[in-house]
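I have placed the structure first, in the form of structure tokens, so that the comments after it can refer back to it.
There are 2 protein chains.
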Amino acid sequence: MQGNLIGAIEAGGTKFILALATREGEILARTRVPTQTPAECFPAVEDFFREAIRAHGAVAAFGVASFGPIDIDPASPAYGTFTTTPKPGWSGARFHDVLAQFGAPIVVDTDVNGAAIGEWRKGAGQGCVTLAYTTIGTGIGTGIARNGRSLMGFSHYESGHILPPHNHAADPFGGTCPYHGDCLEGLASGPAIERRWGRSLDQLAGEPGAVALVAGYIAHLASSLVLLHMPDRLIFGGGVMKAPGLIEAVRQQTAAKLNGYVRHPRLDEGLESYIVTPGLGDDAGITGAIALAQQAL
Amino acid sequence: MQGNLIGAIEAGGTKFILALATREGEILARTRVPTQTPAECFPAVEDFFREAIRAHGAVAAFGVASFGPIDIDPASPAYGTFTTTPKPGWSGARFHDVLAQFGAPIVVDTDVNGAAIGEWRKGAGQGCVTLAYTTIGTGIGTGIARNGRSLMGFSHYESGHILPPHNHAADPFGGTCPYHGDCLEGLASGPAIERRWGRSLDQLAGEPGAVALVAGYIAHLASSLVLLHMPDRLIFGGGVMKAPGLIEAVRQQTAAKLNGYVRHPRLDEGLESYIVTPGLGDDAGITGAIALAQQAL
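So the protein sequences, as listed, match chains A and B. Heads up: the first sequence is residues 938 to 1234, going by this note's numbering. Heads up: the second sequence is residues 938 to 1234, going by this note's numbering.
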């Protein structure tokens, strides 16, 4: 059966969003499944697509925007396979295991790359050539979309593990990363904030010092992204970014770090239109997964 | 006159290398001109190409690999124009001013992007998809070649201005960068080393502490490049890299910073074949300039 529809999966750390959509991206059926082990999760994925295809028609391509680490190199024999994730049961699991039966090409990318592509097409990145989407949440990661495709090298980027300047007098916390201690994820992710202060940054909004401290680490990432990618816009999403005053503080500290060195109309007169929140909110991931499938059509 | 040859310029801070080459890159004529003001330099460029073209034939395309900051966006009306360089006379100068008279397309990129492309084609980057070339010299800069083209965003990258962790107890030197003080260029460039110790790193080879300190800053850049670009190889060139023991120390400290987090055969078992010196030596720049012109053929 020659398909005409798109199957999309946003595979997050806590839930999967599954959707069947038209080639143009209109969603015909949609559900959510908790992220348990593949043995529990994949049958639910199979059931959803089997049922949705029966109701709406066959799939021409699948797009998957997934948590990682995962092999996203289309030339690799392990394309679509989780590598060394600590999540029980997922190391070695492969999206092809559940999707290949439907006989359509499968495009797999990371969740942040998917969100970057979604924002580039339909969100806060419209009109950009190069766009960096960063999530500051349970983890920290960045996807970069250029002309609607994600950039990668031999693997996807891992911006959360950059080691920022860390003033131990101002912030004696040693960090939570099991590999690096005080890398960005170890200092500024949601779990790092909870471990350091016993509360979320949202709950710490009355203490401007906490927001300023976290903003400084995020600004280190923002300025590194500017200097190593010169994107047309930086989008910061994820749960931590919802803390009041944080994005304003990130703009201010990024400007202070760059100190006028990078001259371009995009960065002039404050960074209000350069460092922004996502335009698609919670739909960036599934929009990106649909866009990934569209690349295969 | 329809040309069949390539005109190439490697425009460095102290000298220009000019070459006329075949389409295949064989150099037919070559000279060097000191980098004075454009008023002094451009007539010499004009004379060389006029004479070489008379002897060998017309040019089909020019390639220029230049110091910066310079507009390298082919879609920009100021493409090929120096922006805010402190070099006397060069702000606002444009390579088209001297080359347009020859009636061939002109491809302009940065010196490090040119070197990256040169190394990718004929040097230590052969066989790579994505390659990062960094110079540690009078300044610090990185060019990234992907499938023989340089990557850029709204402008070329400026890796030298990343702010690395700086332990003031171990290194009380405040840095030399007029914009950022202790950015990478302010701490680890040739002039920063001279200002801090009154000698070049070469001359400090007997003091392993100096080499280790500089290697730490370079390793911060190396690990940031891995995490934000995942290149297939990192090449480090420039005068500072000639100091004995430096590249070995950079490999060691980069491995320590990444601490096994990025798992890939390219990084396994030491970084001897991952972090390397240039394969073309002093010819990377002009080879890159020729490769830039080849893009227009």
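Just so it is clear, CB atoms sit at the ideal spot from N, CA and C, and this is done for glycine as well.
| Item | Value |
| --- | --- |
| Residues within the region 1071–1099 of chain A neighbouring chain B, beta-carbon criterion of under 9 Å | T1079, I1081, R1083, L1088, M1089, G1090, F1091, S1092, H1093, Y1094, E1095, S1096, G1097, H1098, I1099 |
| Contact list for P975 (chain B) against chain A, beta-carbon separation under 8 Å | Ordered by position in chain A, no residue passes the 8 Å Cβ test against P975 (chain B), which lies about 20 Å from the chain. |
| For A1221 (chain B) and V970 (chain B), the rounded distance between their alpha carbons | 17 Å |
| Interface positions of the region 1021–1045 of chain B facing chain A (Cβ-Cβ less than 9 Å), listed along the chain | T1021 |
| Alpha-carbon to alpha-carbon, C978 (chain A) and S1092 (chain B) | 44 Å |
| Minimum C-alpha distance to A958 (chain A) - residue among A:T972, A:E983, A:A995 | A:A995 |
| Where A1106 (chain A) sits in the DSSP three-state scheme | coil |
| is_contact[Y1198 (chain B), chain A] using C-beta, thresh 9 Å | yes |
| Which residues DSSP lists as bridging G1127 (chain B), in chain order | BP columns for G1127 (chain B) are empty, so no partner. |
| Under the three-state DSSP convention, the category G1153 (chain A) falls into | helix |
| Minimum Cβ-Cβ distance from K1194 (chain B) to chain A less than 9 Å | yes |
| Contained beta strand (DSSP E) runs [length at least 3] in the region 1047–1093 of chain B, N- to C-terminal order | 1067–1073, 1077–1083 |
| Reduced DSSP secondary structure (H/G/I, E/B, other) of I1227 (chain B) | helix |
| Under 8 Å from the C-beta of S1161 (chain B): neighbouring residues of chain A | I1099, S1161, L1165 |
| Residue burial classification, Y1154 (chain A) (beta-carbon count within 10 angstroms, cutoff 16) | buried |
| Partner residues on chain B for R1203 (chain A), Cβ-Cβ distance less than 8 Å | F1091 |
| Environment of T1224 (chain B) [buried if 16+ CB atoms lie within 10 Å] | buried |
| Short-range partners of chain A found in the region 1109–1122 of chain B, where Cβ spacing is below 8 Å | Y1116, H1117 |
| The ligand PLP heavy atom lying under 8 Å from the CB of R960 (chain A) | As for the ligand PLP, it is missing from this structure, which has no ligand bound. |
| Helix, strand or coil at P975 (chain A) according to DSSP, with G and I counted as helix | helix |
| Alpha-carbon to alpha-carbon, D1119 (chain B) and S1028 (chain A) | 41 Å |
| G1000 (chain A) beta carbon less than 9 Å from that of L1229 (chain A) | yes |
| Closer than 9 Å to chain B by CB, T1067 (chain A) | yes |
| Cβ-Cβ distance between K1179 (chain A) and D1139 (chain A) below 9 Å | yes |
| Chain A residues whose Cβ lies nearer than 9 Å to that of P1128 (chain B) | Chain A residues near P1128 (chain B): none, gap ~17 Å exceeds 9 Å. |
| is_contact[H993 (chain A), chain B] using C-beta, thresh 9 Å | no |
| Cα-Cα separation, R1136 (chain A) to L1124 (chain A) | 14 Å |
| S1161 (chain B) in three-state terms, based on DSSP | helix |
| Three-state class that DSSP yields for L1171 (chain A) in the structure shown | strand |
| Contact check, T1067 (chain B) vs G1080 (chain B), beta carbons under 9 Å | no |
| Any chain A beta carbon closer than 9 Å to P1006 (chain B) | yes |
| Assigned secondary structure, K952 (chain B) (DSSP; H/G/I helix, E/B strand, else coil) | strand |
| C-beta neighbour in chain A for D1169 (chain B), strict 9 Å | yes |
| Among A:R1031, A:A981, A:L942, nearest to I964 (chain A) - alpha-carbon criterion | A:L942 |
| Limits of the unbroken alpha helix (DSSP H) element including F1032 (chain B) | 1032–1036 |
| Boundaries (first-last residue) of the alpha helix (DSSP H) holding V1177 (chain B) | That residue, V1177 (chain B), is in no alpha helix (DSSP H); it is neither H nor E in DSSP. |
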